[in-house]
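Accompanying notes for the structure given below.
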Amino acid sequence: MTSDIKVSSKKISKLAINGASPVRKTLLPYGRQSINTSDVECVTNTLLSDWLTQGPEIEKFEKTVAQFVGVKYAVAYSSGTSALHGAYYAAGLKNGEEVLLAPITFAATGNAAHYLGATTAFCDVEPDTGNIDVSKVEQKINAKTKILVGIDFAGHPCNADELAVIANKHNLVLVIDAAHSLGGKYKGKNAGSLGDMSILSFHPVKSMTTGEGGMVLTNDETYFERLMKFRTHGIEKRHEKLVCADEDQGSWYHEMQELGFNYRITDIQAALGSSQMNRLPEFIKRRREIASIYRKRLATICGIACLSEREGVESAYHLFPILVTKEPVARNRKLVFEALRAENIGVQVHYIPVYRHPYYQDVMPEKPNCPNADKFYAGEISLPMFPAMTDQDIDDVVMALEKISAELLA
Ligand SMILES: Cc1ncc(COP(=O)(O)O)c(C=O)c1O
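Start counting at 1 in the sequence shown, then tack on 912, and there's your number in our numbering.
In structure tokens:
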């Protein structure tokens, strides 16, 4: 797919894609976990304990995250994807109903609706954040809409207050996909504490990691009960909640009352999660420092733009997206992307709008009208961003972009 990429207006090119030396000898990844000896020690201690799964570490981890974020209930799941499935289930989503979301997200945010026999509808995004455009939400709501999802794209919290007003007015459940934003803030509140439920992901490139892992956060006891049951096969063990117990049933007795899944996280993962939570403030501080250096140094480079950070918001900077702005945007994005990779700068694109995936094209009769999302996708490139990045790493990214811009975008 890259064979047509050798392009330069200069006679002697300085670009690695044209055969010159790359800015770096080794690949700088776009994201990476940060694991230290205390993380390893916590995991080892759990491995040597009596419990590998469903032991004391899970509840401890849940309490730590709930306290940090400032919510009553936290239910750990095996991934962000299963957490979304749990949240939509807890919201009561059924066959024939619809989930309304922005298309600039990982497919999982939509997929969880389809797991439950529901459908998805897409609302366009703001061009400078990639988050749902609140002014366009109401026109997308119809009688089938059950859940409204706000996604904190790249770690920048979406406008949860305005989404909550719309959700209340139309009797919708508001789920915030905060997979990118743990450690971020919105109007003084912590990301993950907003909406009727918020979900997190602990995949290695996220704010902190448990390997695979996720969580649902809520202040609502009914959702909490449903989330707990759903993650463990729909099984109820508490005596007072049993529905079919008779006097011959002893203390072994339990009931599968609903169709749930095995979506449990392990104690090993939860131990890593608690240890990582101790380090979260330091991770976010470094991510924000890197973002601030990028912003200053990229401001003078031609043909690209950074995203906005809204007033009252502190992004967790899971990603640092830039937009290629020089027309033709899609063609230039491809050139810049491949040229950065040739310089050993590990860039990514976030995201292919969900409705462009073949599965969604099959299940949606018409392509949704989301011109901003299409334009955002055409220009987006995510630069390397992770807490262990050094100042030299940042320099390498900037230098690569400077020379690429000078040859391809000036
Ligand atoms: C916005 C968003 N939501 C949900 C998920 C799913 O999380 P997980 O990979 O933990 O299943 C991801 C994962 O990348 C994501 O980026």
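Backbone N, C-alpha and C fix where the C-beta goes; we use that ideal spot for every residue, glycine too.
Since the structure is predicted, the reported quantities are computational estimates derived from the model, not experimental observations.
Closest Cα partner of residue i within the set the options
i	options	result
VAL1061	GLU1050, ASP1089 and SER933	ASP1089
ALA1183	LEU1154, LYS926, GLY1100 and THR1122	THR1122
ASP1108	SER1119, GLY1008, LEU996 and ALA1014	LEU996
PHE1136	GLN1161, ASP1158 and SER1110	SER1110
ILE1016	MET1297, PHE1065 and VAL1241	PHE1065
LEU1321	PHE1249, ASN1284, PRO1283 and PHE1298	PHE1249
GLU1226	ILE1063, ASN930 and LYS1101	LYS1101
HIS1115	LEU1106, VAL955, LEU1094 and TYR1098	LEU1094
MET1189	ALA1033, ASP951 and PHE1298	ASP951
TYR1229	GLY1067, GLY1008 and TYR1000	GLY1067
GLU1223	LYS1006, PRO1069 and GLU1239	PRO1069
TYR1267	PHE1034, VAL1077, SER946 and ASN930	PHE1034
ILE1180	ALA988, GLY931, ILE929 and ALA928	ALA988
GLY931	ALA1251, PRO1280, PRO1299 and LEU1247	ALA1251
LEU1129	LEU1210, GLY982, PRO1233 and THR1041	GLY982
SER1054	GLY1162, MET1120 and GLY1008	Before going on, a small fix: residue 1054 reads as Asn here, not Ser. Ranking the options by Cα distance to ASN1054, first place goes to GLY1008.
ALA1119	LEU939, ILE947 and ALA928	Looking at the sequence shown, residue 1119 is not Ala but Ser. Nearest option by C-alpha distance: ILE947.
GLY998	THR1021, GLY1185 and GLU1201	THR1021
CYS954	HIS1092, GLY1185 and ARG1176	GLY1185
ALA1002	GLU1133, THR1302, ASP1160 and ILE1293	GLU1133
CYS1214	LEU1192, ASN1244 and PRO1039	ASN1244
SER1294	PRO1233, GLU1278 and GLU1201	PRO1233
TYR985	MET1140, ARG1198, SER1187 and GLU1255	MET1140
LEU1231	ILE1044, THR1212, LEU1247 and GLU1201	GLU1201
TYR1175	PRO1299, ILE1196 and GLY1125	GLY1125
LEU1098	ASN1071, HIS1092 and SER1113	The question names Leu, but residue 1098 is Tyr in the sequence shown. Among ASN1071, HIS1092 and SER1113, the Cα nearest to that of TYR1098 belongs to ASN1071.
CYS1282	ALA928, ASP1036, ALA1024 and THR949	ASP1036
ALA1211	LEU1235, VAL1275, ARG1199 and GLN979	LEU1235
ASN1023	MET1276, GLN979 and ASP1073	MET1276
SER1113	LEU1192, ALA1091, SER1105 and GLY1096	ALA1091
ALA1025	TYR1000, ASP1040 and GLU1038	TYR1000
VAL1077	PRO1193, LEU1106 and HIS1145	LEU1106
ILE1177	PHE1195, PHE1142 and ILE929	PHE1142
GLU1194	PHE1298, PRO1240 and THR949	PHE1298
ARG1191	ALA1300, ALA1103 and ASP1040	ALA1300
Whole-Å CB distance - residue i paired with residue j, under 8 Å assumed
i	j	result
ALA1019	HIS1262	Rounded, the Cβ-Cβ distance is 12 Å, inconsistent with contact.
MET1168	ILE1147	5 Å
ARG944	VAL1117	7 Å
TYR942	VAL1310	That belief does not hold up - the Cβ atoms of TYR942 and VAL1310 are roughly 15 Å apart, past 8 Å.
GLU1319	LYS926	7 Å
LEU1357	LYS1058	Since the first residue shown for the chain is 913 and the last is 1322, residue 1357 is missing from the structure and cannot be characterised.
LEU1075	VAL1046	6 Å
ILE1257	THR1237	The Cβ separation is near 19 Å, so there is no contact.
GLY1042	LEU1219	7 Å
GLU1255	ALA928	5 Å
HIS1145	PHE1173	7 Å
Counterpart residues of residue i in DSSP-defined beta bridges
i	result
GLN1178	The question names Gln, but residue 1178 in the sequence shown is Thr. Answer is THR965, bridged to THR1178.
VAL1236	ILE1216
GLY1258	DSSP lists no partner for GLY1258.
THR1302	THR1302 pairs with nothing; no bridge assigned.
ASN1007	None, per the DSSP bridge assignment.
GLU1167	GLU1148
LEU1012	ALA1033 and LEU1060
VAL1097	Here residue 1097 turns out to be Lys, not Val, going by the sequence shown. According to DSSP, which records beta bridges pairwise, LYS1097 is partnered with ASN1102 and GLU1226.
VAL1085	ILE1059
GLY1126	TYR989 and SER1113
ILE1293	ILE1234
ILE1044	VAL1037
LEU940	ILE1257
Check: residue i C-beta below 6 Å from any heavy atom of ligand 2
i	result
ALA1020	This structure does not include ligand 2; its bound ligands are ligand 1.
Check whether the region 1037–1054 and the region 954–971 touch, using three or more Cβ-Cβ pairs below 8 Å as the test. no
Would you call the region 1076–1088 and the region 968–984 touching, i.e. three or more CB-CB distances under 8 Å? no
Is the region 931–944 touching the region 1308–1322 in the sense that three or more CB pairs, one from each, lie closer than 8 Å? yes
Inter-stretch contact (C-beta, 8 Å, three-pair minimum) for the region 1204–1214 and the region 1298–1312: yes
Looking at C-beta atoms only, is the number of pairs between the region 1002–1013 and the region 1285–1297 that lie closer than 8 Å three or more? no
Touch check for the region 985–1004 and the region 951–965: three-plus C-beta pairs under 8 Å? no
Does the region 1161–1180 come within contact of the region 1018–1035, defined as at least 3 CB pairs closer than 8 Å? no
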